[in-house]
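Counting from 1, one number per residue, gives the positions in the sequence shown under the UniProt record's numbering.
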Amino acid sequence: MLKISFIAHDRKKEEMVNFVTAYESVFAPHELYSTGTTGSRIMEKTNLQIQRFMSGPLGGDQQIGAMVAQNEMDLIIFLRDPLMAQPHEPDIIALLRLCDVQGIPVATNVATAELLVRALARGDFAWRELVHKYKPGVDAP
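As structure tokens, then:
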């Protein structure tokens, strides 16, 4: 079971809901997280249970970033609106940087999200289980 986060800017929320609905069966066995409104909207249209954090501008991106910093997140789908200035842009950049530091796959558009979800469905994320199994502070068998 992987930990997956959904984040979507306002003009991308409907696109996120449609995307997650299309792949509901792929996401169902995993532990799901989201920023506030995005998670609410996904749960209204699906049978998925999502642990919601605060809204992105109110700290939700940072809450997800804290999990990434601890290498406790496995995949992030973050549908960004590149044509709209975001008041919390520094938080967004920090989250994306943390994903790069920890090697966490992150999709910022539906095309990349599609590729990652198809890889998830095939089982191509088994390497993340090894990351958790052998992370510092955990005794190897």
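Backbone N, C-alpha and C define an ideal beta-carbon position, used for all residues, glycine too.
For Ile104, no alpha helix (DSSP H) encloses it, and the DSSP letter there is neither H nor E. When secondary structure is reduced to three states using DSSP, Leu48 falls in the coil class, being assigned neither helix nor strand. For Phe78, the pairing in a beta bridge is given by DSSP as Ile7. Looking at Gln70, Glu31, Ile92, Met43, the one whose alpha-carbon comes closest to that of Leu58 is Ile92.
By the Cβ criterion, the stretch 63-79 is in contact with the stretch 3-19, since at least three pairs of Cβ atoms, one from each stretch, lie closer than 8 Å. Here Gly36 has Arg52, Phe53, Met54, Ser55, Gly60 as same chain residues with Cβ atoms under 7 Å from its own Cβ, once five neighbours each way along the sequence are excluded.
The stretch 37-50 and the stretch 63-73 do not touch, with fewer than three beta-carbon pairs separated by less than 8 Å. Here the alpha carbon of Phe27 sits roughly 9 Å from the alpha carbon of Leu120. A check of alpha carbon separations from Leu83 across Asn109, Arg97, Cys99 identifies Asn109 as the nearest.
Leu130 sits exposed, since fewer than 16 C-beta atoms from the chains shown fall within 10 Å of its C-beta. Put simply, of Lys133, Ser34, Arg97, Thr46 the residue whose alpha carbon is nearest the alpha carbon of Ala8 is Ser34.
The alpha-carbon separation between Thr21 and Leu32 amounts to approximately 13 Å.
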